Structure formats: structure tokens, C-alpha cells
Amino acid sequence: MADFLEYSSISSEIRGAMCPGKLKMTDTAMVFKSDKTGKVEQINSGDIELLNYQRFVGSFGLRVFLKNGSLHRFLGFTGDEAKIAEFVKKNYKLDMLEKELSMRGWNWGSVQFKGAVLSFDVENKTSFEIPLNHVSQCNVGKNEVTVEFHRNDDAPVSLMEMRFHIPTSESADIDPVEAFQENVMKQASVISVSGDAIAIFREIHCLTPRGRYDIKVFQTFFQLHGKTYDFKIPTSSVLRLFLLPHKDNRQMFFVISLDPPIKQGQTRYHFLVTLFQMDEETNIELPFTEEELKEKYEDKLTKELSGPVYEVLGKIMKVIINRKLTGPGTFIGHSGTPAIGCSFKAAAGYLYPLERGFIYVHKPPVHIRFEEIATVNFARSGGSTRSFDFEIELKTGTVHTFSSIEKEEYSKLFDFIVAKKLNVKNTGGKASYKDDFADSDNEGEPDAYLARVKAEAKERDEDDDGSDSEESTDEDFNPNQQESDVAEEFDSNVESSSDDSDDEDGSGGDSDGSGSDGGEKKRDKKKEKKEK
Numbered sequence: 001m002a003d004f005l006e007y008s009s010i011s012s013e014i015r016g017a018m019c020p021g022k023l024k025m026t027d028t029a030m031v032f033k034s035d036k037t038g039k040v041e042q043i044n045s046g047d048i049e050l051l052n053y054q055r056f057v058g059s060f061g062l063r064v065f066l067k068n069g070s071l072h073r074f075l076g077f078t079g080d081e082a083k084i085a086e087f088v089k090k091n092y093k094l095d096m097l098e099k100e101l102s103m104r105g106w107n108w109g110s111v112q113f114k115g116a117v118l119s120f121d122v123e124n125k126t127s128f129e130i131p132l133n134h135v136s137q138c139n140v141g142k143n144e145v146t147v148e149f150h151r152n153d154d155a156p157v158s159l160m161e162m163r164f165h166i167p168t169s170e171s172a173d174i175d176p177v178e179a180f181q182e183n184v185m186k187q188a189s190v191i192s193v194s195g196d197a198i199a200i201f202r203e204i205h206c207l208t209p210r211g212r213y214d215i216k217v218f219q220t221f222f223q224l225h226g227k228t229y230d231f232k233i234p235t236s237s238v239l240r241l242f243l244l245p246h247k248d249n250r251q252m253f254f255v256i257s258l259d260p261p262i263k264q265g266q267t268r269y270h271f272l273v274t275l276f277q278m279d280e281e282t283n284i285e286l287p288f289t290e291e292e293l294k295e296k297y298e299d300k301l302t303k304e305l306s307g308p309v310y311e312v313l314g315k316i317m318k319v320i321i322n323r324k325l326t327g328p329g330t331f332i333g334h335s336g337t338p339a340i341g342c343s344f345k346a347a348a349g350y351l352y353p354l355e356r357g358f359i360y361v362h363k364p365p366v367h368i369r370f371e372e373i374a375t376v377n378f379a380r381s382g383g384s385t386r387s388f389d390f391e392i393e394l395k396t397g398t399v400h401t402f403s404s405i406e407k408e409e410y411s412k413l414f415d416f417i418v419a420k421k422l423n424v425k426n427t428g429g430k431a432s433y434k435d436d437f438a439d440s441d442n443e444g445e446p447d448a449y450l451a452r453v454k455a456e457a458k459e460r461d462e463d464d465d466g467s468d469s470e471e472s473t474d475e476d477f478n479p480n481q482q483e484s485d486v487a488e489e490f491d492s493n494v495e496s497s498s499d500d501s502d503d504e505d506g507s508g509g510d511s512d513g514s515g516s517d518g519g520e521k522k523r524d525k526k527k528e529k530k531e532k
């Protein structure tokens, strides 16, 4: 039997939305990787308390209940129940039993609280389950409890509220409504500012969303407090942290990638982009004892932190949120920095080639992982010879075009693409591309693109003229000819130029004659066609 099982078309249920990805079951863990965000979620086998399978239409799902009370659900398995059950029994020492669901459709039953899950049971079978960490608020009324949920923009339909009617009993010592609310609120992810912040950073220059914000870091969330808006962002929403040096070497971008995004009216912000001066420093004392720092953060933080503001903020965020802080990779561009100046959509910004992807800041910020990329393409920048476009086509079919990149960046960017083994769309090779783009601004050099257009135009003329067109085309097409009807009318130097050509090769009269003959032949042909 294999040491692992791998399934590529599996969905994880996240706040009411099915998130597609890949699930790998090894002898020590279950690992799910999201196709959308690339986020990897690992469930150690020792943390699993129960593992059930549930029947769905045309497939079945796995229900993984952990010892800490949290619930994970995966959907999209077909026909491998026995194989998975055997694997779970052998490696996790657990029996994978079927969890039968109630199909009666009754809206009355009993409620069970187990860990961070509310289960609504009808005749001892589960009708539905609610992971309580999806709950944003719980309010009580007379004989009634209202449970509100965090909204998920990715879900086609979002469950926003549920109401439970709870009959009261005169003999009960404890009010069942209050007991229900207390059980929900113990596990709900209600963000309320209570207690002191771990660290506060004042008047931080935020590019997205734009403005000056105070950043307050708490244990389970951080707060962006501005004059108009106030955001409380759970640490679980943070996907990645980026620290990117500005091209001027005097400023630093600190970027926080979020899923789900924060909302400002109808606008969604998947990235927080802040900008710091490199020479701006701070000194912060954390409200922890040495023992707490050792116990909670394994000595990754010291009681006093000092240095550049971006460095202190980055270090605190990295440890508190427990996310890797990503910086530029080995790529150094023509300017001597990891930033490539370019335009994206309507705004100018910077593209950073990283070790596992690209990130663009800042309007709008874009993060592209290498595994999402189908092909990359180098193209002319709107006819300009001093710059080029860099196109990234994703496997989903979406194309991101970064335009107006200086031609000096080409060689380094191409070498980076080759080193990362990305598929280049224009397969003419590095040398041919450099000849076509990098040297085409030399006026003395022939323009390969122009020559190709002229050749195509010539072929079209031949097709239009029909038979005997070869002779007339040869006589008509003379790009070096000075004496044309247009030249005679508008060029004040037409006489001197014809004299010069006569002196040089004696062909001035001939070329004029052949040109006019060609014109007459063309007119004769047109007359013949009309007569026919």
C-alpha cells in the first residue's frame, strides 16, 4: 500500500464557499493546498479526534474533527471509501465511520455543542453543523437567539443570520437562552478591542487603502485606525507578508496579503500596502515578561525592539501572525535593485521577481505565483524601441500585461525566466529576440518588422493585380525613388535631388520613365477590367 494518498480535485469548505485545491494524506498529516491562494493547511494526524465520511450527490466528503474542537470538511472524493478507510486505520489508528445525515427536513430538534461546532440534530441524526468560528455576533431576545455570520464574498450565496427559538422552562435553574448564547460566544470569532495592544505604530503612510493609519497589533488581530475608517483584521486572514525595497533605495514597501479582503464601502482590498522611509527609526517595549516571550514566542522576540520602523513592524507581524516574511530573491535589475519600473493598467509601479512568483505594487497590487503561470511573453511596447511589454498568461486564461519596461531590463529578466523554468511563449530564442528588440533603436539598422510589413503589402498588391503583376510591381515599387507626384508638388529640393541622382548613376531619367510607364500600365489594366 502507498505511503500517501493524493487527490487533485478536492474542495475545502471555507465559510460557506467551496475552495478548490489538492489534498495529500501522508502517514503523519493531511495537507490541503488551495488552488486560489496557494495557502497550505496542514492537519497533523495526532491532532485528529474523529474522521467520518459523508455522502453527497455523486461523491462523498471527509469530516475531520480535531481535538481542539475545530472542524474541517473536504468534498469531491469518488469511489475510494474503502481505500481511504484502510489508510486511516493503518496510519492514524482511527475508524472512518459514515456520519448519517437527517433527511426529514424538520426545523425543530436538539442542539449539541461540541468543541467549536454547533450541531442541530433531528432524531439523533445531524441535520446541519455550524463551525462557531464563522459566527461574528450572537444576540438574545425573549425565547430567541440570533446568530450572525461573517460574510464571504467568494460564496455564491452567503448565510448571514440564523434564529433559534428556545422554549423556556419554569423549573430550569439556568436560563437556556443565556446558556445558548454563552456556548456560542465562547468559540465565536467576535473581534472586540479589549486590553492593551502589543505594539502601536502611529501615522503610518498607507498606499492601499490610501491614508494615514495607526497600526495596533493585538494577540489575535491587528487594527488599522484612521480618521475616517477603522479596520479590525484577524490574524487568520493574513496570507503572506512582503518587505520590498523601493527603486530609489530610500523607501521600503511593507505589503500584507489578505484573504478574505477588507471592505471599504463596495471596494475590496486584498492587499495592504504601506510605505516607510528607510531612515525612520523607532523604539518599542513589548508588554511581556521574559518568561512569556520564551513560552509564547520561543524567544523570537525580545522585550525591547529598536531599529527602522519597517523592520520592527515586520518582525512583530511575522512572529505574532506566524507567517513567513518574504523579501526579494536573487534578482537584481538594471538599476541595481530588485524593482523593475513598469506600467500596469493605468498606473506606473514596480514589478518584483521573487523566488516563487511575481508581485506588483501598488495600484492595483498583484501577486502571481509561478505555479499559476501558463506562459510568459515579451512583446513590443506600442511600437516603441526603447521599451518592451512583459505579458504573463495564467492557467485560468487571464493575461496580465506589464508595459513600458526599459529595454536594458530584458536580458536580466529573460535570464531569470529561464532559471525559473517558466514557459516562454515567443520561442524565437534569446538571441533573435535581442536582435529584434534591443538593437532596433539604432537608426542605421534595418527594421525587421517594417520589412515584413512591406513584404506582406507587396504580396497583397500581387494578388490584386492578377496576371502580369510581377512586372508592374517591380516597376512601381521603388522606395528610393525621389521623383514622385507627391515629391514634385511638395518637395522644394526635388530638382537638386534628381540632379544628384543623375550625376551619381545616370538613372534619374530612366527611373522617372519607368515610374510613369508603370502608372500608365496600371491605368490600362484598370480600363481593361472595367471593359470586361
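Counting in full-length UniProt numbering, the sequence shown runs from 1 upward without gaps. Ideal Cβ positions, reconstructed from N, Cα and C, are used throughout, including at glycine. Bear in mind that the values here come from a model prediction, so they are computed numbers and not experimental data.
What does a CB cutoff of less than 8 Å around residue i pick up in its chain, not counting 5 residues either side in sequence?
| i | result |
| --- | --- |
| residue 111 | 118, 119, 120, 121, 164, 180 |
| residue 496 | Since pLDDT at residue 496 reaches only 42, below the 50 mark, its modelled position is unreliable, and no value is offered. |
| residue 58 | 78 |
| residue 533 | This structure cannot settle anything about residue 533, because the visible part of the chain is limited to 1 through 532. |
| residue 67 | 47, 48, 49 |
Find the nearest neighbour of residue i within the set the options, judged by alpha-carbon distance.
| i | options | result |
| --- | --- | --- |
| residue 346 | 403, 106, 93 | 403 |
| residue 13 | 64, 48, 224 | 64 |
| residue 259 | 96, 38, 397, 265 | 38 |
| residue 423 | 370, 329, 294 | 370 |
| residue 288 | 297, 166, 312 | 297 |
| residue 146 | 153, 157, 166 | 166 |
| residue 308 | 338, 277, 324, 325 | 277 |
| residue 286 | 356, 198, 84 | 198 |
| residue 51 | 74, 96, 25, 89 | 96 |
| residue 99 | 414, 109, 126 | 126 |
| residue 102 | 87, 92, 56, 73 | 56 |
| residue 279 | 252, 114, 230 | 252 |
| residue 160 | 104, 182, 135 | 135 |
| residue 104 | 249, 88, 123 | 123 |
| residue 7 | 71, 414, 221, 84 | 84 |
| residue 71 | 93, 151, 108, 132 | 132 |
Let's test the definition: count the other Cβ atoms within 10 Å of the Cβ of residue i and tell me whether it reaches 16, buried, or not, exposed.
| i | result |
| --- | --- |
| residue 240 | buried |
| residue 174 | exposed |
| residue 348 | exposed |
| residue 257 | buried |
| residue 333 | buried |
| residue 503 | Because the pLDDT at residue 503 is just 43, under 50, the model does not fix this residue reliably, and the value given afterwards should be weighed accordingly. So residue 503 ends up on the exposed side. |
| residue 378 | buried |
| residue 263 | exposed |
| residue 407 | buried |
| residue 200 | exposed |
| residue 4 | exposed |
| residue 11 | buried |
| residue 116 | buried |
| residue 431 | At residue 431 the pLDDT is 38, less than 50, meaning the model places this residue with poor confidence; the figure from the coordinates comes in the next sentence. Its Cβ having fewer than 16 others within 10 Å, residue 431 is exposed. |
| residue 188 | buried |
| residue 418 | exposed |
| residue 185 | exposed |
| residue 505 | Note that residue 505 scores a pLDDT of 43, beneath 50, so its modelled location is shaky and nothing firm can be said. |
| residue 488 | Summary for residue 488: the model assigns pLDDT 43, below 50, so the residue's position carries little reliability, and this model does not support an answer. |
Please go through the same chain and pick out, in chain order, the residues whose beta-carbon is closer than 7 Å to the beta-carbon of residue i, but skip the five residues on each side of it.
| i | result |
| --- | --- |
| residue 137 | 148, 190 |
| residue 128 | 120 |
| residue 367 | 257, 357, 359 |
| residue 218 | 197, 198 |
| residue 355 | 329 |
| residue 401 | 389, 391 |
For residue i, which residues in the same chain have their Cβ closer than 6 Å to its Cβ, ignoring the five residues on either side in sequence?
| i | result |
| --- | --- |
| residue 60 | 53, 77 |
| residue 409 | 333, 334, 340 |
| residue 467 | Confidence in residue 467 is poor, its pLDDT being 44 and thus under 50, which makes the residue's placement too unreliable to answer from. |
| residue 30 | 43 |
| residue 393 | 374, 375, 399 |
| residue 353 | 331, 416 |
| residue 33 | 21, 22, 40 |
| residue 236 | none |
| residue 9 | 76 |
| residue 323 | 238, 241 |
| residue 223 | 216, 232 |
For a minimum of 4 consecutive residues, which ranges assigned as the alpha helix (DSSP H) are wholly contained in the segment 118-177?
none
Ignoring anything shorter than 4 residues or poking outside the segment 322-382, list the alpha helix (DSSP H) runs there in chain order.
none
Could you pull out every unbroken beta strand (DSSP E) segment of at least 3 residues lying fully inside the segment 261-300, listed in chain order?
267-277, 281-285
May I have a chain-ordered list of the beta strand (DSSP E) segments no shorter than 3 residues that lie completely inside the segment 2-42?
5-14, 17-25, 29-34
Whether or not the segment 386-396 and the segment 320-334 are in contact is what I'm after, with contact meaning three or more pairs of Cβ atoms, one per stretch, closer than 8 Å; do they touch?
no
Should the segment 6-22 be called in touch with the segment 149-163, which here means at least 3 C-beta pairs below 8 Å?
yes
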